[in-house]
Amino acid sequence: MDFLRKNRNDIFLFLIITVLYFCIRLVALTIMPIFTDEAIYLRWAQIALHDSSWRFISLTDGKQPLFVWFAMIFMKFIQDPLFAGRLVSVFTGFFTLIGLWFLSLELFKSKKIS
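Using my numbering, read the sequence shown as starting at 847 and increasing by one per residue.
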């Protein structure tokens, strides 16, 4: 309880930034048409989801498979592959936002600056 009182402003700011981030990113997620590279990655995720021997299919083109693996997980629960793939990107961006905040906190040693 002491932690909540001590860091009340930081927690409130974090919640506001989180809600604002997701509102901005999720409002019009599928309005833009699909891009070529996006279609390729999503197709790889669909192939790897249905045939486990192709879990490293992206390596045939020299691409790292982490996005494909995350997209596979999201595609298991979300029927629309475009929405699932873009949702992976939204969550990746959110974790990047958190990581950059902690990095700036470590580099500048000040909550005000970070």
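From the three backbone atoms N, C-alpha and C, an ideal C-beta is built for every residue, glycine too.
Here Ala-874 carries a coil assignment [DSSP, helix/strand/coil].
The Cβ atoms of Leu-875 and Arg-932 sit closer than 8 Å to each other. Counting along the chain, Pro-911 sits inside no alpha helix (DSSP H), nor does DSSP assign it H or E at all. Our two residues, Arg-901 and Leu-888, have alpha carbons roughly 13 Å apart in a direct line. A contact between stretches requires three or more CB pairs, one per stretch, nearer than 8 Å, and the stretch 924-944 meets this requirement with the stretch 858-872.
The residue among Lys-909, Gly-908, Val-914 with its C-alpha nearest the C-alpha of Ser-898 is Val-914.
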